[in-house]
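Below is one structure, written out as structure tokens; the observations come after it.
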Ligand SMILES: [Zn+2]
Ligand SMILES: [Zn+2]
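Structural data, given as structure tokens:
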């Protein structure tokens, strides 16, 4: 049993972030190579920053983190990189938070992406479901509706915050 009831900072959780970053950067390199897109140092740097965080980051937080790494980049340039990452589906925009999350998956067109967002610590987990996608496509068709974006954002409590609640004081 853990002596501490505090969930700690949400980014300090129990896996190796170097792997998240290496995976995300590798996916980005493969995507750019395949499509002949330019992988600029800034695109790479923003991807590393996003992949290090499992809490979605706003554009200005990314500007701050770049500055901490010694790179002073105007927000407009960061927005342009974010647009690129979202367009290539290397990152997702979390609408409810106006923030961005690196994506480690290769999505298929009919897939619904579901974000489980912790309202307390901000930790955001991405899950996807073909079953949900099929049901939603069916419901949309029945309404004569053409979906443009298939993203669901679910607010709640992550496992760490829930366990922290359950622990004796
Ligand atoms: Zn994704
Ligand atoms: Zn949480």
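Numbering (my numbering), first residue to last: 85 to 253. For every residue, glycine included, the Cβ atom is placed at its ideal position computed from N, Cα and C.
{"Item": "Identify the continuous alpha helix (DSSP H) that holds residue 221 and give its terminal residues.", "Value": "214-226"}
{"Item": "Please name the residue, chosen from 140, 230, 147, that lies closest to residue 201 on a Cα-to-Cα basis.", "Value": "140"}
{"Item": "Any idea if residue 232 is buried or exposed, counting beta-carbon neighbours within 10 angstroms, 16 or more meaning buried?", "Value": "exposed"}
{"Item": "Just mark residue 208 as buried or exposed, buried being the case when its beta carbon has 16 or more other beta carbons within 10 Å.", "Value": "buried"}
{"Item": "Sort 123, 198, 152 by Cα distance to residue 168 and report the nearest one.", "Value": "123"}
{"Item": "Hey, how far is the Cα of residue 130 from the Cα of residue 162?", "Value": "8 Å"}
{"Item": "How long is the line joining the alpha carbons of residue 157 and residue 223, rounded to whole angstroms?", "Value": "44 Å"}
{"Item": "Just checking my contact of residue 194 with residue 217 at CB under 8 Å: how many whole Å lie between their CB atoms?", "Value": "5 Å"}
{"Item": "Among the residues of its own chain, which have a CB less than 7 Å from the CB of residue 245, if the five just before and after it don't count?", "Value": "91, 202, 204, 205"}
{"Item": "Select from 133, 170, 234 the residue whose C-alpha is nearest the C-alpha of residue 152.", "Value": "133"}
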